[in-house]
Amino acid sequence: MASTRIPEQKVILCGEYGVGKSSLFRRFAQNTFVASSDRASTLGLDHYDKVYKVIGREIKLQLWDTGGMERVASITSSYYKFAEAAILVFSFDSPDSFNILSQHLLDIVSYAENAKIFLCGNKIDTSTQLVSEADIEAFCEQCHNMVSGVYRTSCKTGEGVEEMFEDIAKHLVHTVRVRDLDEALYRDAFKVTREANAADDDVCLC
Ligand SMILES: Nc1nc2c(ncn2[C@@H]2O[C@H](COP(=O)(O)OP(=O)(O)OP(=O)(O)O)[C@@H](O)[C@H]2O)c(=O)[nH]1
Ligand SMILES: [Mg+2]
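Residue 748 in my numbering sits at position 130 of the sequence shown, and the numbers go up by one each step.
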């Protein structure tokens, strides 16, 4: 029996250094958290695949992680290439990480123009919450409602992390469905054209 292919969707993590991209990645891949004061910034790229089942349909999220400093060091466009989704991450205890999101957004629309954009406010467990709901709303309005979903997470406690990835999987299943439908319509349209040509051949008397 032919095995059905599980559609794979590339999802990239974007945001400043230290906001918790690798911590989200680690929760996604191993459901663990590393609290370290002398942590090392991510260098290079890493990715991990995970299958989600949404409304009876399987979808594979391929999550990519890179260091926030890479942006400064001119990140390779291969990180963005073919991304179906981008998670813009900021940290609730760092207004700077929030204020710089528009620059990351610009990179995404330049290099991954078809990617769906999601916003993730991380570190909701910390006592210093310096980014307000009004700030988030204003940002979403400023970027013309390009943001498909807003999530609040804590990699430390795990709160909201798995829910975020499940919701992103739901959004992407919808995209895959629309694409499948487009392809089916294209195939059928092609068939009709061929049949029309065949009919033409039948009546041709030359
Ligand atoms: N309290 C708290 N700390 C967190 C959370 N997520 C990450 N951290 C801590 O924040 C620091 C930075 O986390 P990373 O995941 O390395 O951040 P990053 O975005 O990958 O950083 P770069 O690789 O430098 O771009 C680490 O010390 C983490 O333990 C969280 O939800 N709550
Ligand atoms: Mg990192």
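The C-beta atom is built at its ideal place from N, Cα and C for all residues, glycine as well.
Label Q648 either buried or exposed according to how many other C-beta atoms from any shown protein chain fall within 10 Å of its C-beta, with 16 as the threshold for buried. With fewer than 16 other Cβ atoms within 10 Å, it is exposed.
Can you give me the C-alpha to C-alpha distance between F710 and L748, rounded to a whole angstrom? Their Cα atoms are separated by approximately 6 angstroms.
May I have the straight-line CA-CA distance separating C824 from S695, to the nearest angstrom? Reliability fails at C824, whose pLDDT of 49 lies under 50, so the model's placement of it is uncertain and the value that follows must be treated cautiously. Rounded to whole angstroms, C824 to S695 spans 56 angstroms at the Cα level.
At least three beta-carbon pairs within less than 8 angstroms, the segment 790-797 to the segment 667-677: Segments in contact, yes.
So the candidates are D743, D753, E751; which of them puts its Cα closest to the Cα of T775? Here the closest residue by C-alpha is D743.
Whole beta strand (DSSP E) elements within the segment 716-743, 3-residue minimum: The segment 716-743 contains these whole beta strand (DSSP E) runs: 734-740.
How big is the Cα-Cα spacing for F651 and L803? Distance between the alpha carbons of F651 and L803: 46 angstroms.
Taking only the alpha-carbon atoms, compute the straight-line gap between M764 and D785 and give it to the nearest angstrom. Whole-angstrom Cα-Cα distance: 16 angstroms.
Three-state secondary structure assigned by DSSP to C761: The answer is coil: DSSP assigns C761 none of H, G, I, E or B.
Do you know how far the Cα of D683 is from the Cα of M619? Its pLDDT being 49, under 50, M619 is placed unreliably by the model, and the measurement read from it follows with that caveat. Distance between the alpha carbons of M619 and D683: 36 angstroms.
So, helix, strand or coil for I630, using DSSP? The answer is strand: DSSP assigns I630 an E or B state.
For the beta strand (DSSP E) containing Q680, name the first residue and the last one. It spans 675-684 - the beta strand (DSSP E) in which Q680 sits, taken as one unbroken run.
Does R623 come out as helix, strand or coil in the three-state DSSP assignment? Coil at R623, not helix or strand.
For the beta strand (DSSP E) that A703 lies in, which residues bound it at each end? Run containing A703: 703-709, per the beta strand (DSSP E) assignment.
Could you spell out where the beta strand (DSSP E) holding K668 opens and where it closes? Element bounds for K668: 663-672.
With a cut-off of 8 angstroms on the beta carbons, I'd call L631 and L681 a contact; round off their distance for me. Taking a contact as a CB-CB distance under 8 angstroms, the pair L631 and L681 counts as one, their CB atoms being some 7 angstroms apart.
Start and end residues, alpha helix (DSSP H) containing K639: Residue range 639-648 is occupied by the alpha helix (DSSP H) that includes K639.
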